[in-house]
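In terms of our numbering, the numbers along the sequence shown are unbroken and rise by one, the last being 363. Ideal placement from N, C-alpha and C gives every residue a C-beta, glycine not left out. Read through the structure below, which is laid out as structure tokens, and then see the notes.
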Amino acid sequence: MPQTVIPAPAPASLPVRGSDAVFPVRRIYCVGR
């Protein structure tokens, strides 16, 4: 496998409430005022 020029970012994930698990997500939208 070829090496990347820059390190790839870690996949985005969100914690699951009441568990130690995380849920993978593609996008995280921040909505605020």
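Endpoints, the beta strand (DSSP E) within which P364 is located: With the chain running from 331 to 363 in the structure shown, residue 364 is simply not present.
Spatially closest choice to P354 from A342, V346, C360, by CA coordinates: In the sequence shown, the residue the question calls residue 354 occupies position 24. Among A342, V346, C360, the Cα nearest to that of P354 is on A342.
Starting from P284, follow its DSSP beta bridges and name the residues at the other end. One cannot answer for residue 284 here, as it falls past the ends of the chain, which runs 331 to 363.
Can you find the residues in the same chain that come closer than 8 angstroms, C-beta to C-beta, to R356, ignoring five residues on each side of it along the sequence? Here the question's residue 356 lines up with position 26 in the sequence shown. Hits under 8 angstroms: A342.
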